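Below: the structure, in structure tokens.
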Amino acid sequence: MGTQIQAGGLAPPDFEGLEGCNEILSVSRPDFIEHVHGLYLDAGADVIETNTFGALPWVLDEFGVGSRQAELCEAAARIAKKAAELASSPDRPRFVIGALGPGTKLVSLGQIVFDEMTDGYRQGFAAVIRGGVDALMIETCQDLLQVKAGIVGAIRAMRDQNTELPLFVQVTIEQTGTMLLGSDLGAAVNFAEFFPEVAGIGLNCATGPEEMYPHLRALSQATDRIISVQPNAGLPQMRGGEGVYDLSPEDLARAHTDFVTQFGARLIGGCCGTTPEHIRAVSDAVQGLSPAQPAVQRLVGCSSLYSFQPYDQSPSFLIVGEKTNANGSKKFRELLADEDFDGLVEIAKEQEREGAHMLDVCVAYVGRDEPRDADELFRRLNLQTSLPLVIDTTEWQVAEIALKRIAGKCLINSINFEDGNERARRVLNLCREYGAGVVGLTIDEEGMAKTCGKKVAIAERVLEATRSAGIADEDVFIDCLTFTLGSGDEEFRPSALETIEAVRMVSERFPRANTILGVSNVSFGLSRAARNVLNSAFLHRCLEAGLTSAIVHAGKILPEGRIDPEQWAAAMALIDDARSPGIDPLVQYMALFENVQEHRTESEDLAALPLTDRLIHHIVDGVKTGLTSALDEALQSYTPTAIINDILLEGMRRVGDLFGAGKMQLPFVLQSAEVMKAAVSYLEQFMEKADVPEKGSILLATVAGDVHDIGKNLVDIILTNNGYRVHNIGIKQPIQTIIEKAREHDVGAIGLSGLLVKSTLVMRDNLIELNNRGLHDYPVILGGAALTRSYVEEDLRAIYKGRVFYAQDAFDGLRLMDELGQESEAPQESVEEYAPRVHSHRSPRVLEDAYAFDGTKSDVALAKCIPSPPFFGAKVVLDVSPEDIYPFINEIALFRGQWGFRRPKDMGNLEFNEYLEERARPSFDKWKEDLKEVLNPKITYGYFQCQSEGNDLIVYRENEPALRFHFPRQRDGRRLCIADFFRPVESGEMDVVAFHIVTVGCEVSRLERKLFEEGSYQDYLYVHGMGVESAEALAEFWHKRIREELGISEEDPESIRLLFSAKYRGCRYSFGYPACPNLDDQAKVMDLLLPAQIGVSLTEEFMLVPEQTTSAVICHHPEAAYFVIR
């Protein structure tokens, strides 16, 4: 539908002035929507979707029509139904699915509350049902909590309308292999399958069919529900500034043939970019095909927001962590009392690291507000742990609060019959409505069952209740309960045996149900050491009896082989109640543990590591505390050189491996380098100068005309702290100086760096000069943002007579230096290793013909009106503070780009975002405060009359031409050029253009250099990133001010974050970037404005100084946007 609407040539009046609100067309242009449906039906579609993808109140509210949801949904359904009926015949009926998309807000991230989202789906689905649809669909799902809201809303809508319709759930799997928030497909399938109302599960959007193969294969093996699939028509390609889907109808048909015959797909079609021609080809191709029937192994288990967890953990058992419980953990209780929710989350993560599969979470404690605590903690745990959760509460209202916070299928712990059936009924209704399993305790009106027979009878009663509620046995856990053996109470001496036997009988009689036990109850009242052993022994016996899961502290459960045989035997005697005249197993057991300390956990054993391992951990973990004492200890057995070469460098090697595997972030790599530097500096006092180990040497330089040095300095840090002698001669270095210093320091290699596209040309010229001087014996390593591997390995290798390599990052440079040091030919990689190639696609050749104007302009329309600026000429602004610009810092660019935090392959997007909150944000907050007196924001800006002429922008002063900017033009596509966004000379009208230069001053660069020289590498990285992004934030901040002064800010979004995606009218173009690549033009901007008054100057290579300075030409035209010149 969206594809045809975009191609339909509709005008703003067709949208009632709400352009972009496709749903309004169902009432403003019902004829057009019916026409589109007819195109696909005529092409062979059996099923069409209603025009309701965005018909949710919070989406429609963005257009001011949220109150019209029901009207739009019902109208859309009636139009689709009419079209389907017209195309139907007795032998080929056509059907309509009422489909709702994900909306524009993610409920797991707190952008909308669960009840609001659920009600939106409920009202939307109710309206399409009234409009006559044949089925319902929640599509393009990106958040599993949104899936829950959608399913709950759909089922409530059907109940409201007194009908039952098939419900389809389609999730979107990104190219990362997960849903947007990091959910794997198994989690989605596991949750959706809980609901019998869900007739089909499938995939749509995000990718083309090729990328869907592995996910469909997995889906076909995991569910026996209908499989649906609607890929995009390939991956979008940018052409002429627009996204184009170029998968052919034949290719889509070929893929769907595979999906039907290999994976059993039964509802197939297309999403973005799919035309009637695609559907015709698909329809023709699959006629007469029989869907495959793959062998299915259903995903029996539970799930979190991120992943599926099987109930069956054979040969082990399902471990439910017990430490997130206010009634069982003193530490948890104390943190809860202090409202330290971060600490509570850390307990959860600790259990995850120790091997738990689920987490039992209970916040009920005297004096606390359980509903409020549950809402806050479950909100955090949903995002910050990948484990499924067990809601441990006696209050059904608290359970419902938690269910609205937790994505995936969790468990509720628990139901019982202490007060009869009513509370159990309420809880089971919640499980059925929100998709949760349940734990049933063997408690009835007479209290906790003590005998095996009573426990089994209550278990049977539990299963009768769960089956009546519509909950499958596989999602029910029977807790046969146990009593403590530590009290000595005569009544409970045989209680462990009764429980073990009950577990055995329940497992045999109800094989599809699960059994669970709070194991540590058996040892209550004993010493810690005694508890750990008894818990381990009791669990061993219960597992032998068939227990499938247990609530335990995983780190405290020990196998029989790690327990003293005498202690193990004593525990068994206590469990078996093996009393005899004069012998009491409890007395003997307690005596055995009188002076025994609790077994230490793995983290507690760390301090006892061997010396070499401890030193390696100092490097890998970046820990300076205790470093010198460990080095002193090492000096008793090793020479300083041996400590560096054999121990410390091994630590740095592991750091490199972790970084390469995406398991260590750049700031922590630099922290490790700081520790390495400190260790070497300490050891140097015990060494002769000649003894300092050296693996090789290199000269590093940023090439002439380029003032950027962060990448080069990171290479310096990594190489220096991995045993190399590095001579870093700084920025803006001409080839003559590079050669002189390379000879002076007798280095083995040269490393050249540069950020600018122009710098890559300088590197090429430098290689030619090395050839001319006969110095091609130097291996040369090149790096920088504008370089590509293909440009270096194809173009530059063809030029240089010696060996030249491309280093993607600092550790790539280390690898190359290591291989050069081994005199290996491995660095000279073959071009074939990097196929497929795009030949020099970022090679910086000047596109001379792009600057030539052949008389053909773009299709950019004249702006309807020209804004009136508050003045003409230039001004200076000096009263902006760092606090004014901090909100405009792009945190994604700072954290991930400048600071180098990278998402590990095994970490979902949402988990990574939470990781950034924990590790990056505290540093961000710290440096915002620390840099208040360092950053010095200053601006010069102005407005000028202008006109365009061909590719040129003519800027006027006092009605006279003053300067002319010559911009390149796209050679194909829309043929865009910046000049097109302004009134042409022939119009006879003057337009207006704005320019600005912004800087945060030179002090931040001075601080960077100081930190680098001191070896404070992590702080150096942080400060550099803050400087760069503060300058960008200042540019964003002042561009917003310019829009306000021009009177065009009404289109600005409320959220500052959306400014980073240019969600406003007009565009800001910086020189040196694709649309205006000529840095020389900065001299013209300098001439127009007042840069000297803010301390900004220009180098001979047209680079702005200080480094953290940026300039721009600012267009007000509504169509102005970023584009690329090729």
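Going by our numbering, the letters in the sequence shown line up with residues 1 to 1126, in that order. For every residue, glycine included, the Cβ atom is placed at its ideal position computed from N, Cα and C. Note that the structure is a prediction, hence the values are computed from the model and not measured.
Inter-residue spacing [alpha-carbon to alpha-carbon] between Val703 and Ala192: About 57 Å.
Rounded to whole angstroms, what's the CA-CA distance from Gly408 to Pro388? Just pull it up for me. Distance between the alpha carbons of Gly408 and Pro388: 7 Å.
Comparing alpha-carbon positions, which option in Arg896, Ala529 and Asn514 lies nearest Ser520? Comparing Cα positions, the closest option is Ala529.
When Gly470, Asn936 and Lys1010 are compared against Val1000, the one with the closest alpha-carbon: A check of alpha carbon separations from Val1000 across Gly470, Asn936 and Lys1010 identifies Asn936 as the nearest.
In terms of residue numbering, what span does the alpha helix (DSSP H) encompassing Asp716 cover? Asp716 -> alpha helix (DSSP H) spans Ile710 to Thr720.
Go through its chain and collect everything with a Cβ distance to Lys455's Cβ below 6 Å, but skip five positions before and after it. Answer for Lys455: Thr442, Ala449, Cys480 and Ala502, listed in chain order.
Buried or exposed: where does Thr482 fall if 16 or more other Cβ atoms within 10 Å of its Cβ makes it buried? Answer is buried; the Cβ neighbour count reaches 16.
Gly131 and Glu74: beta carbons closer than 8 Å? With a cutoff of 8 Å on beta-carbon distance, Gly131 and Glu74 are scored as near each other.
Could you name each continuous beta strand (DSSP E) segment of 3 residues or more that falls completely within the segment 610-685, going from the start of the chain to the end? Listed in chain order, there is nothing to give.
Proximity of Glu498 and Cys452 at Cβ, strictly below 8 Å: Judged by beta-carbon spacing, Cys452 lies within the 8 Å limit of Glu498, meaning their Cβ atoms are closer than that value.
Simplified DSSP state of Asp342, which is helix, strand or coil: Note: Asp342 maps to helix in three-state DSSP.
Closest to Thr484 by C-alpha separation, out of Ala496, Leu558 and Val476, would be which residue? Taking each of Ala496, Leu558 and Val476 in turn and checking the Cα distance to Thr484, the smallest one comes out for Ala496.
Mark Phe965 as exposed unless 16 or more other C-beta atoms lie within 10 angstroms of its C-beta, in which case mark it buried. Buried.
Give the single residue among Leu109, Ile391, Ile644 and Arg461 whose Cα lies nearest to the Cα of Glu418. Nearest of Leu109, Ile391, Ile644 and Arg461 to Glu418, Cα basis: Arg461.
How many angstroms separate the CA atom of Ala265 from the CA atom of Thr275? Rounded to whole angstroms, Ala265 to Thr275 spans 20 Å at the Cα level.
If you draw a straight line from the C-alpha of Ser536 to the C-alpha of Cys542, how long is it? Roughly 10 Å separates the two Cα atoms.
Given this structure, state the Cα-to-Cα distance separating Gln170 from Gly54, to the nearest angstrom. Whole-angstrom Cα-Cα distance: 15 Å.
Asp84, buried or exposed, once every other Cβ within 10 Å from all chains shown has been counted against 16: Strictly speaking, residue 84 in this sequence is Ala, with Asp absent from that position. Around the beta carbon of Ala84, 16 or more other beta carbons lie within 10 angstroms, which makes this residue buried.
If the criterion is Cβ atoms closer than 8 Å, does the pair Gly908 and Leu181 meet it? Taking a C-beta distance under 8 Å as the contact criterion, Gly908 and Leu181 qualify as a contact pair.
DSSP three-state label for Gln221, please. In the structure shown, Gln221 sits in a helix (DSSP, three-state: H, G or I).
Have a look at Leu428, Arg353, Cys410 and Ile406 and flag the residue whose alpha-carbon is nearest the alpha-carbon of Asn416. Measuring C-alpha to C-alpha distances from Asn416 to each of Leu428, Arg353, Cys410 and Ile406 identifies Leu428 as the nearest.
Strand pairing of Gln947, partner residues [DSSP]: In DSSP, Gln947 forms a bridge with Ile954.
Relative to the C-alpha of Gln313, which residue among Gly301, Ser307, Lys323 and Thr324 is closest? Comparing Cα positions, the closest option is Gly301.
Consult DSSP for Val300 and reduce its assignment to one of helix, strand or coil. If DSSP states are grouped into helix, strand and coil, Val300 belongs with coil.
What first and last residue would you give for the beta strand (DSSP E) that runs through Tyr40? For Tyr40, there is no enclosing beta strand (DSSP E); the residue is part of the alpha helix (DSSP H) that begins and ends at Pro30 to Asp42.
How about Glu139 and Asn204: do their beta carbons lie closer than 8 Å? In contact: Glu139 and Asn204 (Cβ atoms closer than 8 Å).
Is it the case that the segment 314-329 contacts the segment 352-366, given that we only count it when at least three CB pairs across the two stretches are under 8 Å? Yes: the two stretches touch, three or more of their Cβ pairs being nearer than 8 Å.
What do you get for Phe331, buried or exposed, if any count of 16 or more other CB atoms within 10 angstroms of its CB means buried? Note on identity: in this sequence residue 331 is Lys, with Phe being the wrong assignment. Looking at its Cβ environment, which holds fewer than 16 other Cβ atoms inside 10 Å, Lys331 is exposed.
Use the C-beta contact count for Leu649: other C-beta atoms within 10 angstroms, 16 or more gives buried, fewer gives exposed. With 16 or more other Cβ atoms within 10 Å, it is buried.
Using the rule of at least 16 other Cβ atoms within 10 Å of the residue's Cβ for burial, across every protein chain shown, is Tyr1122 buried or exposed? When all chains shown are included, Tyr1122 counts as exposed.
C-alpha gap between Leu344 and Phe912, whole angstroms: Going from the Cα of Leu344 to the Cα of Phe912 covers about 19 Å.
Whole alpha helix (DSSP H) runs in the segment 743-782 with 4 or more residues, listed along the chain? You should have 757-772.
Tell me Ile138's beta-bridge partners as DSSP assigns them. Ile138 is bridged by DSSP to Leu100 and Val169.
Three-pair Cβ contact test at 8 Å for the segment 982-1001 versus the segment 858-877: Because the criterion of three Cβ pairs below 8 Å is met, the segment 982-1001 and the segment 858-877 touch.
Starting from Val366, trace the beta strand (DSSP E) in both directions and tell me its first and last residue. It is not in any beta strand (DSSP E) - Val366 carries neither H nor E in the DSSP assignment.
State the DSSP-derived secondary structure class of Met448, mapped to helix, strand or coil. In the structure shown, Met448 sits in a strand (DSSP, three-state: E or B).
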